[in-house]
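Contents: one structure, followed by commentary.
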Amino acid sequence: MILHRRRLLTATAGLAGASLLGGCDRFAGTDAGRRTLSIGEDANLYVQRLLMSGMTTAREFPESMISPWFKPNGSIDPPDTAYKALAAKNFSDFKLKVDGLVDTPLSLSLADLRALPSRTQITRHDCVEGWSCIGKWSGVPLSEVLKRAGLKPQARYAVLHCADTLEYASDDGAWVQPSHPNTVREAHAAYVQLAAADDWGGSPTGAASNGEKDPDATDGRRPIRYYESIDLFDAFNPQTILAYDLNGKALPVSNGAPLRLRVERQLGYKNAKYVMRVEMVSSLAGFGDGKGGYWEDRGYEWYAGI
Amino acid sequence: MDASPALNAPDKAAPERVGPNGRRLIYRHPLVIRLTHWINAAVLLVLLMSGLQIFNAHPALYWGAVSTFDTPALAITSEESGGANRGVVYLGNHKFDTTGVLGLSKDRGVESERAFPSWITLPANQDLATGRRWHFLFAWFLVINGALYLLYGLFSGQLRRRLIPEGDQIRDFSGSVKEHLLLKFPEGEEAKRYNVIQKLTYLGVVLVLLPAMVLAGLAMSPGVDAAWPWLTELFGGRQSARSVHFIAAGLLVLFVVVHLVLVLVSGVVNNLRGMITGWFSIGKVRPAGEEAR
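Residue numbers (my numbering), protein chains in the order written: chain Z, -3 to 302; chain V, 5 to 297.
Below, the structure written as structure tokens:
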């Protein structure tokens, strides 16, 4: 009798558990579910901003703690025609565009950027997947660049447009199977890479185009390139730099040559590689799915301070 | 009478009544304790499953500030062995074959390379983004619920009364160990309070394990690390904090398993009624003149 009751209880609990958890996955797939689950991100942003000032910097480490190997992740060798052309000439033709809600749009070569005030910092890079590496970055503080361009009062975000295509979308909005869903698999570390959440959508960014025909767009196929965004709180932090050197040498292609963002109080995916253009905007609505970044459009938090 | 005076003091005694079958019922768990207990149980389940989802994104642990990719302290992976794929766990230099559960398991019939199997992760699919959303939302629930419990426990005196061992209990520690090993549980007056092992375990979970869990979680956050670098240092670096978070999760699972087993063997119906309605039976009413022990 007791045994029966016990078995019944266990069975009921098991059934309840299974349907509850199946329900969890269904819930997370709905709009209401996504909105609810995003409350945690809002709370984290709010509370972490209370704990920090704009000038709060991430920890810096001694040279002796620099990781022997700085794990490249995401794109490690962009397939894009324009990028390959730049890389072939060692980025001598590279020009960083700074535009959008600025008084003076800029176009800066690597030599121009290196002539600006620089900052070197040894910081820890924390990937959303869980691993960390320490590297020494040198670059120009984003604030120095933005000061020279001059912000219009409506500017609230810096959108970073990158050179690397991660996948392709068809023009009619239907999906084309990503050519490299997520790229890197290190030979000795068969770890799962940043996986896109199907549930969260993700669509092409209209970002990089400025009227010109994209050489990588073919009939019915448009490249989806990486992009990211930060707000002014992070853009003007002294550690937020456009880095051109890693560990005292020019940034390797696998780590984002010729220029990558370092935004040290947030996770790795905010630290966009292959930065081609900084566009100041008042809203993130016009880019991709409007969530403020390639991974954000695929369900990851815009605020990646945790 | 061997019950401590504190238990019998009129202002401290839990309400008591006689149940329908002549059983002595005490009001063991006040409403706040019952509510926070069940919320905690549900929240911990979601945190565990979404936590394993997050772990699966990089199923290796390290010690110190950074990842030493070639020499993880623990790694769950899969590898080719004799023409077949095997799930393996590396613990330092030791290797264990865990095919079917860890490293390589069936996900709805399809063999898949994943550290923890789909039936124990949230979401079931490999989906780090959604796993993180669940984890961070429910982490807030854990903290708020835990704070409610602690505040109530402190101000009502429940925490001290329920969880701090009394002098006689500490003196008879070995007696309590023996009771546990024999799975003999007290009735009557002695059943009105938790035994000493119970008290110390709950104290450890409430005041050490769960706070360590939350702090180690926060120590992994680059934002918190910028604001409070001492916290990450306290754990010996970010990757150490991640390892501590994982180990603490394991200890919590161990606690829950032992807790559930003891709930089952020490009278599952009575225990469940206690934690649902508050009323807990401490045995039959004795005829007048017969002492509880």
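Cβ atoms here follow ideal geometry from the backbone N, Cα and C, with glycine treated the same way. Predicted model, so just to flag it, every value in this text is computed and none were measured.
Span of the alpha helix (DSSP H), counted from its first residue to its last, around residue i
i: V:Thr205; result: 200 to 207
i: V:Thr75; result: V:Thr75 -> no alpha helix (DSSP H), and no H or E assigned at all.
i: Z:Lys266; result: No alpha helix (DSSP H) holds Z:Lys266; DSSP gives it neither H nor E.
i: V:Arg21; result: Run containing V:Arg21: none in the alpha helix (DSSP H); it sits in the beta strand (DSSP E), 20 to 22.
i: Z:Ala281; result: Segment: none, Z:Ala281 is in no alpha helix (DSSP H) and carries neither H nor E.
i: Z:Asp27; result: 27 to 33
i: Z:Glu224; result: Element bounds for Z:Glu224: not the alpha helix (DSSP H) but the beta strand (DSSP E), 217 to 227.
i: V:Ala128; result: V:Ala128 -> no alpha helix (DSSP H), and no H or E assigned at all.
i: V:Leu4; result: Residue 4 of chain V is absent from the structure shown; chain V starts at 5 and stops at 297.
Other residues of its chain near residue i: CB distance less than 7 Å, five sequence neighbours each side excluded
i: V:Phe177; result: Val200
i: Z:Lys266; result: Glu224, Ile226, Val259, Ala300
i: Z:Asn243; result: Ile62, Gly131, Lys132
i: V:Gly278; result: Arg32, His33, Phe284
i: V:Arg246; result: Leu65, Met224
i: V:Ser244; result: Trp67, Gly68
i: V:Leu126; result: Val50, Met53, Ser54, Gln57, Gly135, Trp138
i: Z:Gly29; result: Phe23
i: V:Ala143; result: Leu51, Gly221
i: Z:Glu292; result: Trp298
i: V:Leu187; result: Val269
Distance, residue j Cα to residue i Cα
i: Z:Trp171; j: Z:Glu224; result: Below a pLDDT of 50, predicted positions are generally treated as unreliable, and Z:Trp171, at 48, falls in that range; the measurement from the model is reported next regardless. Using only the alpha carbons, I get a separation of about 22 Å.
i: V:Pro121; j: V:Ala79; result: 15 Å
i: Z:Ser88; j: V:Ile58; result: 41 Å
i: V:His184; j: V:Val269; result: 11 Å
i: Z:Leu17; j: Z:Arg31; result: 18 Å
i: V:Val50; j: V:Gly221; result: 15 Å
i: V:Arg165; j: V:Val262; result: 23 Å
i: Z:Asp210; j: V:Gly240; result: 49 Å
i: V:Ser180; j: V:Leu163; result: 21 Å
i: Z:Lys245; j: Z:Thr236; result: 19 Å
i: V:Trp234; j: V:Lys182; result: 43 Å
i: Z:Phe232; j: V:Leu214; result: 37 Å
i: Z:Ala81; j: V:Ala223; result: 43 Å
i: V:Gly208; j: Z:Pro68; result: 41 Å
i: V:Gly192; j: V:Leu35; result: 23 Å
i: V:Asn275; j: V:Val267; result: 6 Å
i: Z:Asp241; j: Z:Thr100; result: 26 Å
i: Z:Cys303; j: Z:Pro149; result: Past the edges of chain Z, shown from -3 to 302, lies residue 303 of chain Z, and the structure says nothing about it.
i: V:Ile37; j: V:Tyr156; result: 8 Å
i: V:Pro76; j: Z:Leu263; result: 21 Å
i: V:Glu117; j: V:Gly107; result: 6 Å
i: V:Leu238; j: V:Leu48; result: 24 Å
i: V:Gly282; j: Z:Thr26; result: 37 Å
i: Z:Gly126; j: V:Asp172; result: 47 Å
i: V:Leu211; j: V:Ala151; result: 11 Å
i: Z:Ala253; j: Z:Tyr270; result: 6 Å
i: V:Ala128; j: V:Ala216; result: 27 Å
Cβ shell of residue i (< 6 Å), same chain only, five flanking positions each side left out
i: V:Gly271; result: none
i: Z:Lys305; result: Since the first residue shown for chain Z is -3 and the last is 302, residue 305 of chain Z is missing from the structure and cannot be characterised.
i: V:Ser109; result: Pro121
i: Z:Ser250; result: Pro68, Ile72
i: V:Thr102; result: Gly91, Val93
i: V:His62; result: none
i: Z:Asp230; result: Thr236, Val259
i: V:Tyr153; result: Thr40
Nearest-angstrom Cβ-Cβ length linking residue i and residue j, presumed shorter than 8 Å
i: Z:Arg120; j: V:Ala69; result: 6 Å
i: Z:Arg221; j: Z:Ala159; result: 7 Å
i: Z:Leu41; j: Z:Tyr290; result: Contact flag wrong, Cβ pair sits at about 19 Å.
i: V:Ser85; j: V:Gly91; result: About 10 Å; that fails the 8 Å criterion.
i: V:Lys288; j: V:Arg21; result: With a Cβ gap of about 14 Å, V:Lys288 and V:Arg21 do not count as contacting.
i: V:Met231; j: Z:Met276; result: Reading the sequence as shown, one finds Ala at residue 231 of chain V and not Met. Not confirmed; about 27 Å, so no contact.
i: Z:Leu304; j: Z:Gly135; result: What the structure shows of chain Z is the stretch from -3 to 302, and residue 304 of chain Z is not part of that stretch, so it cannot be assessed.
i: V:Gly227; j: Z:Arg261; result: 5 Å
Residues near residue i in its chain [Cβ-Cβ closer than 8 Å; skip 5 each side]
i: V:Gly113; result: none
i: V:Ala88; result: none
i: Z:Pro58; result: Ile118
i: Z:Lys91; result: Ser103, Leu104, Ser105
i: Z:Val98; result: Leu142, Ala145, Gly146, Leu147, Lys148, Ala151, Met276
i: Z:Pro234; result: Met51, Thr53, Arg115, Pro137, Ser139
i: Z:Lys304; result: With chain Z covering only -3 through 302, there is no way to say anything about residue 304 of chain Z.
Range covered by the beta strand (DSSP E) that runs through residue i
i: V:Ser285; result: 283 to 288
i: V:Ile30; result: 27 to 31
i: Z:Arg256; result: 256 to 258
Can you check the region 83 to 123 of chain V for any alpha helix (DSSP H) of at least 4 residues that lies completely inside it and give the ranges in chain order? none
Sequence ranges, alpha helix (DSSP H) only - wholly within the region 84 to 172 of chain Z, length at least 4: The DSSP assignment places 106 to 111, 138 to 145 as complete runs of the alpha helix (DSSP H) inside the region 84 to 172 of chain Z, in order along the chain (cut-off: 4 residues).
At what residue ranges does the region 35 to 59 of chain Z contain a whole run of the alpha helix (DSSP H), taking only runs of 4 or more? Counting only runs of at least 4 residues, the region 35 to 59 of chain Z fully encloses the following alpha helix (DSSP H) elements, listed from N- to C-terminal order: 35 to 47.
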